[in-house]
Each structure stands twice: as structure tokens, then as C-alpha cells.
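**Student:**
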Amino acid sequence: MGVYSTLWDADNWATRGGLEKIDWSKAPFYAYYKDFDIEGCPELLMLTATNLGNWWEGAAYGALNAIEARRYRWVRVNHLIYDYCQDKSRFPVTPPECFVGI
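The numbers in the working numbering rise by one with no breaks, and the one at position 94 of the sequence shown is 321.
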């Protein structure tokens, strides 16, 4: 699994009202993640939280309600560019995490 980020031109709103400009002549830009750590379930059967001290592992975050699920589907339909779960040329065998539905 990888972590990716994007850089976009937000000069007109995110840089003190445009006072700080991006020097595009310095591209390409590189970002590094220091001490990045993420928790995940190593297998599909382990659907319980491993550290209940994390706010995001509380009961309220374990499943989507009907409204959240509808919004999630809308975002996928309208904004999803690539879904490796559907990429049979790169992944002939569907990765196991793809079977966990919303």
C-alpha cells in the first residue's frame, strides 16, 4: 500500500491571500512522510478495532448509516478516477480488501 499526495495551485486562496507564490521552476516537487504509521486489519475476519484509544475506532465509525452510504456511493460515482479492485489487467486475482463492501 502506498500513500500519495497531490500539489495544486492554490495561490489565490491558500497562501495568505496570494502573497506567497509557488515557484514552479523548482518542480518537480518531492514530499516525504516521516514516521508515517497506519493501522489496518491484517485479514478480513479481524473486523474489530485493535486500539480502542483511537477516536476513529469508536462505535460511531464502524459502519456508515444509510445517508452516509448514499453520499459515499455518490462520491464514488462522480469522483472516482481509478479503482484497483476493478483493474483485472493489473490484479487478475481480486485483492481481499475489495470484498469488504460499504
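Beta carbons are placed, not taken as given, at the ideal position from N, Cα and C, and that holds for glycine.
#1: Identify whether Tyr-299 lies in helix, strand or coil by the three-state DSSP scheme.
#2: Measuring alpha carbon to alpha carbon, tell me which residue in Gly-289, Asp-262 and Trp-235 is nearest Phe-256.
#3: Expressed to the nearest angstrom, what Euclidean distance is found between the alpha-carbon atoms of Ser-226 and Glu-284?
#4: Can you tell me which of the three DSSP states Pro-323 falls into?
#5: Once you ignore the five residues that flank Leu-246 on each side, which residues in its own chain have a CB closer than 7 Å to its CB?
#6: Grouping DSSP H, G and I as helix and E and B as strand, with all else coil, what is Ile-294?
#7: Of all the options Tyr-231, Gly-280, Ser-252 and Ala-254, which has the alpha carbon lying nearest to the alpha carbon of Tyr-260?
**Tutor:** On the basis of the supplied data:
#1: helix
#2: Trp-235
#3: Because the chain here runs from 228 to 329, residue 226 falls outside it and cannot be looked at.
#4: helix
#5: Around Leu-246, the same chain offers no residue with a beta carbon nearer than 7 Å, after the five sequence neighbours per side are excluded.
#6: helix
#7: Out of Tyr-231, Gly-280, Ser-252 and Ala-254, the CA that lies nearest to the CA of Tyr-260 is found in Tyr-231.
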